[in-house]
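Peer 1: Heads up: the sequence shown begins at 9 in this note's numbering, then just goes up one per residue.
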Amino acid sequence: MLQFLTLFYFNLSGLILCPLLGSIILSVIPDSRIRLIRGIGLCTSLITFLYSLFFWIQFDNSTAKFQFVETIRWLPYPNIHFYIGIDGISLFFVVLTTFLIPICILVGWSSIKSYKREYMIAFLICESFMIAVFCMLDLLLFYVFFESVLIPMLGPIPYSPIIIGVWGSRQRKIQAAYQFFLYTLLGSVFILLAILFIPSQTGSTDLQILLTTEFSERRQILLWIAFFASFSVKVPMIPFHIWLPEAHVEAPTAGSVILAGILLKLGTYGFLRFSIPMFPEATLYFTPFVYALSVIAIIYTSLTTIRQIDLKKIIAYSSVAHMNFVTIGMFSLNIQGIEGSILLMLSHGLVSSALFLCVGALYDRHKTRLVKYYGGLVSTMPMFSTIFLFFTLANMSLPGTSSFIGEFLILVGAFQRNSLVATLAALGMILGAAYSLWLYNRVIFGNFKPKFLQKFSDLNRREVLIFLPFVVGIIWMGVYPEVFLECMHTSIGNLVQHGKFD
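#1: Whole angstroms are fine: how far does the CA of I322 sit from the CA of V152?
#2: Report the CB separation of I37 from R125 in whole angstroms; it is logged as a contact under 8 Å.
#3: Per DSSP, L126 is paired with what?
#4: Nearest by alpha-carbon distance to G195: which of I217, L149, F100, K242 is it?
#5: Output the distance between the C-alpha atoms of T431 and I418, rounded to the nearest integer angstrom.
#6: When burial is assigned at 16 or more other CB atoms within 10 Å of the CB, is A300 buried or exposed?
#7: If you draw a straight line from the alpha carbon of T388 to that of A130, how long is it in whole angstroms?
#8: Provide the residue span of the beta strand (DSSP E) that contains T276, from first to last.
#9: Between the alpha carbons of C19 and N449, how many angstroms are there, rounded?
#10: Around the C-beta of Y167, are 16 or more other C-beta atoms found within 10 angstroms, so that it is buried, or is it exposed?
#11: With 16 as the cutoff for other CB atoms within 10 Å, does G49 come out buried or exposed?
#12: Could you compute how far the alpha carbon of I170 sits from the alpha carbon of D68?
#13: Give the range of the alpha helix (DSSP H) segment to which G348 is assigned.
#14: On the three-pair Cβ rule with 8 Å, is the region 287–307 touching the region 140–149?
#15: Would S302 and T335 qualify as a contact pair, given that the criterion is a beta-carbon distance under 7 Å?
#16: Is it buried or exposed, V480, if we count other Cβ atoms within 10 angstroms and call 16 or more buried?
#17: Are the region 87–100 and the region 56–72 in contact at 8 Å, needing three or more beta carbon pairs?
#18: Where does W175 land, buried or exposed, given buried means 16+ other C-beta within 10 angstroms?
#19: Cutting at 6 Å between CB atoms, please list the residues of its own chain near F509, excluding the five before and the five after it.
#20: Give me the Cα-Cα distance between H506 and P407, rounded to the nearest whole angstrom.
#21: Using a Cβ-Cβ cutoff of less than 8 Å, which residues in the same chain neighbour R46 once the five nearest sequence positions on both sides are dropped?
#22: Starting from I88, follow the beta strand (DSSP E) in both directions and report where the run begins and ends.
#23: Pick helix, strand or coil for L493, following the three-state DSSP scheme.
#24: Could you check the C-alpha separation between G421 and S355 for me, to the nearest Å?
#25: Here's a check: name, in chain order, each residue in its chain whose Cβ is nearer than 6 Å to the Cβ of R425, leaving out the five neighbours to either side.
#26: Thinking C-beta only, is S361 closer than 7 Å to V265?
#27: Can you tell which of D39, F464, D372, S326 has the C-alpha that lies nearest to the C-alpha of A442?
#28: Touch check for the region 230–237 and the region 200–220: three-plus C-beta pairs under 8 Å?
#29: Determine the contact status of S405 and M485, defining contact as a CB-CB distance below 7 Å.
#30: Quick one, which of I88, I32, V379 has its alpha-carbon nearest I206's?
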């Protein structure tokens, strides 16, 4: 019995199952027991977060091998099995996922008025699927969980969890949910075809075997394109970014947090885990193409951001710019650039999520996200103004914040590969500072507008406690990034060496 408990509590399968068990328990509790539902949902998410910290504490920085590996044969086929493990690349994505889910549950504590039990179940199931994506070492099952994340984001009507379609805030929420679904699913058709083709050459979908398989240059190019079609939609890259601003605008605050904090990282993680190490020759071949798309995206979305009138769309377009900054770092194909891209992804998961929480706090009070209705909040919401200033400065990569470290390393890595790309990317940083300061000035300073804003209340204790972990995380990564870099350095060095990119 003791061995069974040890097996469950201290392995990755237990981490994946923990939110699922919580959702099963919630499914049998009556809807009328609201306090019990909230308590179980929050406790389950907090236990999962503490559980994930165990893997960080026990992680061995000195090896590039996958750790906490488990293999479970669940089908009577020798080449398909449940194979999970983590390395320095995937470790912090797991921790970030478990960190954000309790925040999402707290955000909906009082603002969600309908389907409260289903709301908790949706996020717990989503958490389980996302952890599985970052841990999965079998290509076919990676695809299964990669697409399964769409289920709790949409789901069948009316009683299953539909994060965008049910708890969205405006009339076009159903259209936004289906647009999100169709863009991401259609892009994944190509990767499914590639996954079905790969075993015909290798006889397996095991990532460890695939990393030692040498595909011909022509096959690498075709497979790389198939993977790119799926991952680029999730990032998103130009011109596949159209679904993101609409999904953010219509999603509830917690939906925007999980969308910006985790779901956008699935595409870039896919590049790092599969496309770059499995198809190194094709990666080098398409690097100029990726650079071109990324630079266009950074400059175009930064200019587009200044023209937006909705607070959520401003942050959504900002997210597109930052995630394309990440792709430049990844395809610099050196240690500095890839480490910077992972740090920037983690930073974006904190900063962008916090900014969406700030917008959610305003919307809960004033029921509008249009910039023109806001102004002079510094006099009525001083605590909010201070916290919003901190996250705005972090979004524009102020030294001492997490984004600065990530973007600096990306520019160092990109400059070694292509100085023109690094220069144009730096221009995106300047534009980012411009729209960040413009937004803060319009919302916080200027003339107060009592005609539109009639109820005044600053952040309450629950909201301050929600923001506090983000502040600590952003400063920690900005002041002492070595804690994070030392865990990923060996794995990234092995990735660069394996692809012979140096």
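C-beta atoms are modelled at their ideal positions from N, C-alpha and C, and glycine is treated no differently.
Peer 2: By the coordinates alone:
#1: 32 Å
#2: 7 Å
#3: Going by the sequence as given, residue 126 is Glu instead of Leu. According to DSSP, which records beta bridges pairwise, E126 is partnered with nothing at all.
#4: K242
#5: 11 Å
#6: exposed
#7: 35 Å
#8: First-last for T276: 272–278, but that is the alpha helix (DSSP H), not the beta strand (DSSP E).
#9: A small fix is needed here, since residue 19 is Asn in this sequence, not Cys. In a straight line, the C-alpha of N19 is about 48 Å away from that of N449.
#10: Low per-residue confidence applies at Y167: pLDDT is 29, beneath 50, and the placement is therefore not dependable, though the value from the model is reported in the following sentence. By the neighbour-count rule (16 or more Cβ atoms within 10 Å), Y167 is not buried but exposed.
#11: buried
#12: Only weak support exists for where I170 lies, its pLDDT of 47 falling under 50; the value from the coordinates is given anyway. Distance between the alpha carbons of I170 and D68 is about 39 Å.
#13: 343–374
#14: no
#15: yes
#16: exposed
#17: yes
#18: Any answer about W175 is weak, because its pLDDT of 47 lies below 50 and its placement is not dependable; what the coordinates show is given next. W175 should be labelled buried.
#19: L341
#20: 33 Å
#21: I113, W117, K124, M128
#22: Careful: I88 lies outside any beta strand (DSSP E) and carries neither H nor E.
#23: helix
#24: 18 Å
#25: S340
#26: yes
#27: S326
#28: yes
#29: no
#30: I88
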